[in-house]
DNA sequence: TGATATGTAATAAAAATTATTACAATACAA
DNA sequence: TTGTATTGTAATAATTTTTATTACATATCA
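Residue numbers (our numbering), protein chains in the order written: chain A, 1 to 135; chain B, 1001 to 1135.
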């Protein structure tokens, strides 16, 4: 997995901490310390998943779409999750080999099981709780 | 995460299925369908973690270091696991921002918790059980 | 002693990620 | 109604990571 979950969590934490006002992508990029366009790209994705709302034009910006206590870390993870939690190689296993022929199906099943326990655990913490850890 | 776990699982499954003989990196590369040097690199890592044994010279090759029933998927995962299960961005958050200053520490803690539940789950299946799924 | 392996370093090629530039669309406010 | 600040998005470039390849030293068997 790449850095998208970290970036998404950073964004959501900022929006949670600044819950009363709209935050700009420029401001968030300054905190995260990455390019503002990348921030907007992730914001666009979070928007699509209904986690945040946006306001265009001057004095526009972003805010949480619902109270932080109603957003779980699992919900945020779902918005950015990779195809395979355990990673996936780009190779095409040899179909003439009895192991190669079946390995991807079995790995996929294993991956699904692991994703489930991860989501269960991530679902026990809300964004509000995560945000409360900050002083 | 990249494809290392998949490759490692493929290797370990091949060694499990061919438990009676030594397998060469060339043969395994043919099943996985990647470059033999990459296979040897991963074999080198699995060796370092005590999961397999190797025999140099003609008629050499690789084998499991212990019975497949004594190897868990968690053990294999440990050998290839990334620094962060949930991924890590390469940015350096702004230390002047109260959120940026602390986010990495909190994300690291979250990551450790998730890794724990993953390992718990992966620890419930042995390589022998995984291998038995193949027909 | 020749053939076949492992083990590993160095380098090249390909793919993925991140950054940058550019600009259209929108909304506020003077 | 016009200038300014902002979202939204496409196109491209730069960087980093992953994968492949080449090369060769070392080991073991027959």
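Built from N, CA and C at the ideal position, the CB exists for glycine as well.
Remember, it's a predicted structure, so these values are computed and weren't measured experimentally.
Put residue i into one of helix, strand or coil per three-state DSSP.
i, result
"residue 13 of chain A", "helix"
"residue 1055 of chain B", "strand"
"residue 1112 of chain B", "helix"
"residue 1023 of chain B", "strand"
"residue 86 of chain A", "coil"
"residue 75 of chain A", "helix"
"residue 1061 of chain B", "strand"
State buried or exposed for residue i, treating a residue as buried only when at least 16 other CB atoms are found within 10 Å of its CB.
i, result
"residue 84 of chain A", "buried"
"residue 1095 of chain B", "exposed"
"residue 1009 of chain B", "buried"
"residue 1039 of chain B", "buried"
"residue 105 of chain A", "exposed"
"residue 136 of chain A", "Summary: the structure shown does not reach residue 136 of chain A, with chain A confined to residues 1 through 135, and so no result is reported for it."
"residue 87 of chain A", "buried"
"residue 1057 of chain B", "exposed"
"residue 1035 of chain B", "exposed"
Check whether chain B comes within 8 Å of residue i, counting only Cβ atoms and requiring the distance to be less than that.
i, result
"residue 113 of chain A", "yes"
"residue 41 of chain A", "no"
"residue 36 of chain A", "no"
"residue 7 of chain A", "yes"
Consider the Cβ of residue i: report whether some Cβ of chain A lies at a distance smaller than 8 Å.
i, result
"residue 1059 of chain B", "no"
"residue 1044 of chain B", "no"
"residue 1069 of chain B", "no"
"residue 1032 of chain B", "yes"
Query raised in the report: Does the region 1117-1131 of chain B touch the region 108-119 of chain A, meaning 3 or more C-beta pairs lie closer than 8 Å?
Result: yes
Query raised in the report: At a cut of 8 Å, does the region 75-89 of chain A reach the region 53-61 of chain A through at least three beta carbon pairs?
Result: no
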